[in-house]
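Undergrad: Mind looking over this structure? Questions follow.
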Amino acid sequence: MQQKILDSPAHSSPVRSTDPINTAMLAGAALLATTALTAQTQTVTDIDVLNYALGLEHLEANFYTEGLKRFTPSDFASAAFAMNLGNPNDFFGDSLPGDVYAYLQLIRNHEQTHVRTLIRTIQSLGGTPKPACTYKFTYSSADEFLAVGKVLEDTGVTAYNGAIKLIRNASLVTAAATIATVEGRHAAYLRLITGDSPFPSAFDQAKTMQEITTAVMPFIVSCPA
Amino acid sequence: MTNLQTQSHASRRSFFTKAAVLFGAGALAVKIADAQTTATPAAVSDIDILNYALALEHLEAAFYVAGVARFTANDYNNSNNGAIFGSKINGNILPYIRAIGEHETAHVAALRSTITTLGGTPVAACTYNFGVNTVNDFLMVAMALENTGVMAYDGAVALISNPDIKQVAATVATVEARHAAYLNVLNGAIPFPSAFDTPKSRAEVLAIASQFIVSCPGGGPTSNPAGPTISGLRTAFTTTENDIQFDFSRSAATDGSAVSFMLSQISGPQTSLIGQRTSTPRALLQGGRGVYVFEAVITDGRGTVQRGRTTVTYI
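The listed protein sequences derive, respectively, from chains U and F.
Residues 1 to 225 (this note's numbering) make up the first sequence, in order.
Residues 1 to 315 (this note's numbering) make up the second sequence, in order.
Structure, rendered in structure tokens:
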């Protein structure tokens, strides 16, 4: 899939956008992607949408990278989420207690891969990938870390679901869909281990760039100019 | 790009007719991979895509209806799958399976109403055989179906023209992914095996789904036809390319024996066929714009033949 993205022709057809919904999305894009956008009639390019996705993936990658430096496998094994579900060794039976940490590492790796792939794709389209920001995640335990992770993954799902229809290039639509479903898998897993239904609704939500930008704002301290 | 309503009608009528409907793997997949610069990459209508999704959702919904009626909470607790988990996972298997089934039923209802709204005719459910004898079988098939559903939606989203429908498909895809992750966990598999899920073409997905189909309304095929099945042949399509790549490589002999291929031209302007005895022949439409008809003949090791024709309109 990475190869397919990179093989995409370097183009991004701008779309004239005058309707209120897209204008709202563009406002979100301006905040998150620090894209200079003005006034009523705007264009949202594939590069804009990819940079919007990159902003979220930077945030997620940073979250897991920092959290997994801070907590050890035994922090997770002895965390309340495991205790609340019974004995941690009972929760997943004999076979899986250590898998929580391994699976979190895998999720981290996925987010890092998404970041790298989006950067390369944006560059191949002639765009400038936005850099990572400085983030602030408020958690003081493995449980709180998982609670934030669950919010981030569910937010990622709704972000991709809202962004897919804005992408013009068909290959990029497919690529975005294959990332969206992986975020859905992450979300389901984090919900499952923290005692929530992995699939709370028959339809996930789709949120606009504006809504997502507002949702992740509390996690962002500052971004490079 | 043209919304081929005539093709849509033909496809609908013969949905799940293997020779006619397991189409798209060749030219269509190549088109997608080539990353066309238009928003609408393929000559299939939204109704086609929605009916394709509906066929899969019918299958999934029927699977869960049968499973929920058949297995009790105790069955799940006592299953091999349940035995490896603690009580909090085990105690919720039945309610979560029931929830998944309700989701699939909701997807069927939403797809049916959307297709009707668009002026299409929703495909009917078929008769299925999932080969489930135990709760372990059930959970394993469930995992296969959900992961297939993810690949199907991931492959189909880009083919949808209407942005609102594209968005709805995305919101269904991520729910299928949630189901898949959960069922992977229950089956002891990694819930998210890759950073990217794999998109599959309609032909690939229907080849997987067809193994569960006994018969469909309107004289559809059985799951055990006498001859080999042709995968990768579309009944008709319109193209702006003069170089058509076919891919019959997923065709199969139902008895497992060897399969051979032959592509020939039936009518139309001059054509050069390359690799016409291979599973991936090419047709160079040298005669320019017009209507070309080709026939694929696939023969299995017993000499049983399956023929299929495709009409290519080069514009």
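Each residue gets a CB set at the ideal place from its N, CA and C atoms; glycine is no exception.
Quick one: is I316/F near chain U, going by C-beta distance under 8 Å?
TA: Nothing can be reported for residue 316/F, as the shown portion of chain F is limited to 1 through 315.
Undergrad: For Y52/F, decide whether its Cβ has a neighbour in chain U, counting only Cβ atoms nearer than 8 Å.
TA: Taking the first residue of the second sequence as 1, we reach residue 52/F at position 52. No, no contact with chain U.
Undergrad: Kindly list, in the order they appear in chain F, the residues whose Cβ is closer than 8 Å to that of Y139/U.
TA: Residue mapping note: residue 139/U aligns to position 139 of the first sequence, counting from 1. Near Y139/U there are no residues of chain F at all, since even the closest Cβ is about 22 Å away, more than 8 Å.
Undergrad: Do L263/F and A296/F have their beta-carbon atoms positioned less than 8 Å apart in this structure?
TA: Here residue 296/F refers to the residue found at position 296 when the second sequence is read from its first residue. Here residue 263/F refers to the residue found at position 263 when the second sequence is read from its first residue. Going by C-beta atoms, A296/F is nearer than 8 Å to L263/F.
Undergrad: Check whether the Cβ of Q210/U lies closer than 8 Å to any Cβ atom in chain F.
TA: By 1-based counting over the first sequence, the position of residue 210/U is 210. For Q210/U, the answer is no, since every Cβ of chain F falls outside 8 Å of its Cβ.
Undergrad: Is any heavy atom in the ligand PLP found nearer than 7 Å to the beta carbon of P131/U?
TA: No copy of the ligand PLP occurs in the structure displayed, which carries no ligand at all.
Undergrad: Quick one: which chain F residues come within Cβ less than 7 Å of K165/U?
TA: One-based indexing of the first sequence puts residue 165/U at position 165. Under the 7 Å cutoff, chain F gives P163, K166 and Q167.
Undergrad: Using the C-alpha atoms, what's the distance from I165/F back to E211/U?
TA: Here residue 211/U is taken as the residue at index 211 of the first sequence, counted from 1. Here residue 165/F is taken as the residue at index 165 of the second sequence, counted from 1. Going by the C-alpha atoms only, they are around 20 Å apart.
Undergrad: Do A142/U and A79/U count as a contact pair if the criterion is CB distance below 8 Å?
TA: Locating residue 79/U in the first sequence gives position 79, where the first residue counts as 1. Locating residue 142/U in the first sequence gives position 142, where the first residue counts as 1. It is a contact, given that the beta carbons lie within the stated cut-off.
Undergrad: What residue range does the beta strand (DSSP E) around I213/F cover?
TA: Stepping through the second sequence from its first residue, residue 213/F is reached at position 213. That run of the beta strand (DSSP E) goes I213 to S215.
Undergrad: Shorter than 8 Å from the beta carbon of V318/F to some beta carbon of chain U?
TA: Nothing can be reported for residue 318/F, as the shown portion of chain F is limited to 1 through 315.
Undergrad: So which residues of chain U does A66/F contact, with C-beta pairs closer than 8 Å?
TA: Residue 66/F sits at position 66 when you count from the first residue of the second sequence. Those do not exist, as A66/F stays about 19 Å from chain U at its closest Cβ, beyond 8 Å.
Undergrad: What's the C-alpha gap between A132/U and L59/F?
TA: Here residue 132/U refers to the residue found at position 132 when the first sequence is read from its first residue. Here residue 59/F refers to the residue found at position 59 when the second sequence is read from its first residue. Taking the straight line joining both Cα atoms gives about 44 Å.
Undergrad: Considering just the uninterrupted stretch of the beta strand (DSSP E) at R282/F, what are its terminal residues?
TA: As a first step, residue 282/F is located in the second sequence; it is residue number 282 there, counting from the start. Segment R282 to L284, the beta strand (DSSP E) holding R282/F.
Undergrad: At least one CB of chain U closer than 8 Å to the CB of P221/F: is that the case?
TA: Taking the second sequence and counting its residues from 1, the one referred to as residue 221/F is at position 221. For P221/F, the predicted structure reports a pLDDT of 37, less than 50, and the residue's modelled location is therefore unreliable. The matter cannot be settled from this model.
Undergrad: Hey, F212/F and N129/F are a contact pair by Cβ (cut 8 Å); roughly how many whole angstroms apart?
TA: As a position in the second sequence, residue 212/F is number 212, starting the count at 1. As a position in the second sequence, residue 129/F is number 129, starting the count at 1. With 8 Å as the limit, F212/F and N129/F qualify as a contact, their Cβ atoms being about 6 Å apart.
Undergrad: Classify A209/F as helix, strand or coil using the three-state DSSP reduction.
TA: Mapped onto the second sequence, residue 209/F falls at position 209. A209/F falls in the helix class under three-state DSSP.
Undergrad: With a threshold of 8 Å between beta carbons, is D154/F in contact with chain B?
TA: Reference to chain B is not applicable here, since the protein chains of this structure are U and F.
Undergrad: Let me know if Q317/F comes out buried or exposed under the rule of 16 or more other beta-carbons within 10 Å of its beta-carbon.
TA: With chain F represented from 1 up to 315, any question about residue 317/F goes unanswered, as that position is not in the structure.
Undergrad: Here's the rule: buried if 16 or more other CB atoms are within 10 angstroms of the residue's CB, otherwise exposed. What is P95/F?
TA: The residue given as residue 95/F occupies position 95 in the second sequence. P95/F is exposed by the Cβ-count criterion.
Undergrad: Can you look up L54/F in the DSSP assignment and give me helix, strand or coil?
TA: As a first step, residue 54/F must be located in the second sequence, where it is residue number 54. Of the three classes helix, strand and coil, the one that applies to L54/F here is helix, per DSSP.
Undergrad: In angstroms, rounded to a whole number, what distance separates the CA positions of A177/F and Q205/U?
TA: Stepping through the second sequence from its first residue, residue 177/F is reached at position 177. Stepping through the first sequence from its first residue, residue 205/U is reached at position 205. Distance between the alpha carbons of A177/F and Q205/U is about 14 Å.
Undergrad: Taking contact to mean 3 or more Cβ pairs, one atom from each stretch, closer than 8 Å, check whether the region 42–49 of chain U and the region 99–116 of chain U are in contact.
TA: The region 42–49 of chain U, when compared against the region 99–116 of chain U, does not touch it at the 8 Å Cβ threshold.
Undergrad: According to DSSP, is R12/F part of a helix, a strand, or is it coil?
TA: As a first step, residue 12/F is located in the second sequence; it is residue number 12 there, counting from the start. Residue placement at R12/F is poorly supported in this model, since its pLDDT is 29, which falls under 50; the coordinates are not used for a value here.
Undergrad: For A55/F, collect the residues of the same chain with a Cβ closer than 6 Å to its Cβ; drop the 5 residues on either side in sequence, then sort them by chain order.
TA: Here residue 55/F refers to the residue found at position 55 of the second sequence. Same-chain partners within the cutoff: V123.
Undergrad: Against T114/F, what residues of chain U qualify as contacts under a CB-to-CB distance less than 7 Å, listed in chain order?
TA: Mapped onto the second sequence, residue 114/F falls at position 114. What T114/F touches in chain U: nothing, since even the nearest Cβ is about 12 Å away.
Undergrad: Residues of chain F with CB closer than 9 Å to the CB of N62/U, please, in chain order.
TA: Counting from 1 along the first sequence, the entry for residue 62/U is found at position 62. Result: empty, since nearest Cβ-Cβ is about 16 Å, beyond 9 Å.
Undergrad: Using the three-state DSSP reduction, which class does A236/F fall into: helix, strand or coil?
TA: In the second sequence, the residue the question calls residue 236/F occupies position 236. Correct three-state label for A236/F: strand.
Undergrad: Count Cβ pairs between the region 187–197 of chain U and the region 194–204 of chain F that sit closer than 8 Å; are there 3 or more?
TA: No contact exists between the region 187–197 of chain U and the region 194–204 of chain F.
Undergrad: Could you spell out where the alpha helix (DSSP H) holding F63/U opens and where it closes?
TA: Residue numbering aside, residue 63/U sits at position 63 when the first sequence is read from its first letter. Note, F63/U: alpha helix (DSSP H), D46 to R70.
Undergrad: Just grab the DSSP bridge partners of G290/F for me.
TA: For the purposes of this step, residue 290/F is taken as residue 290 along the second sequence, with counting starting at 1. Paired residues: Y314/F.
Undergrad: Within 8 Å, do at least three Cβ pairs link the region 52–63 of chain U to the region 212–225 of chain U?
TA: As far as the Cβ criterion goes, the region 212–225 of chain U touches the region 52–63 of chain U, which means the pair count is three or higher.
Undergrad: Report yes if the C-beta distance between V291/F and I266/F is below 8 Å; otherwise report no.
TA: Numbered from its first residue, the second sequence carries residue 291/F at position 291. Numbered from its first residue, the second sequence carries residue 266/F at position 266. Not in contact: V291/F and I266/F (Cβ atoms no closer than 8 Å).
Undergrad: Are N62/U and K130/U close, meaning C-beta to C-beta below 8 Å?
TA: For this step, residue 62/U is matched to residue 62 along the first sequence. For this step, residue 130/U is matched to residue 130 along the first sequence. Contact: no.
Undergrad: Would you tell me roughly how many angstroms separate the C-alpha atoms of T155/U and R250/F, rounded to the nearest one?
TA: Translated into positions along the first sequence, residue 155/U becomes position 155. Translated into positions along the second sequence, residue 250/F becomes position 250. Near 38 Å, if we compare the C-alpha coordinates of R250/F and T155/U.
Undergrad: Is any beta-carbon of chain U found at less than 8 Å from that of A39/F?
TA: As a working note, residue 39/F is residue 39 in the second sequence. Any reading at A39/F must be qualified, since the residue scores a pLDDT of 38, below 50, and its modelled position is unreliable; the value itself is stated next. Cβ-Cβ to chain U under 8 Å: yes for A39/F.
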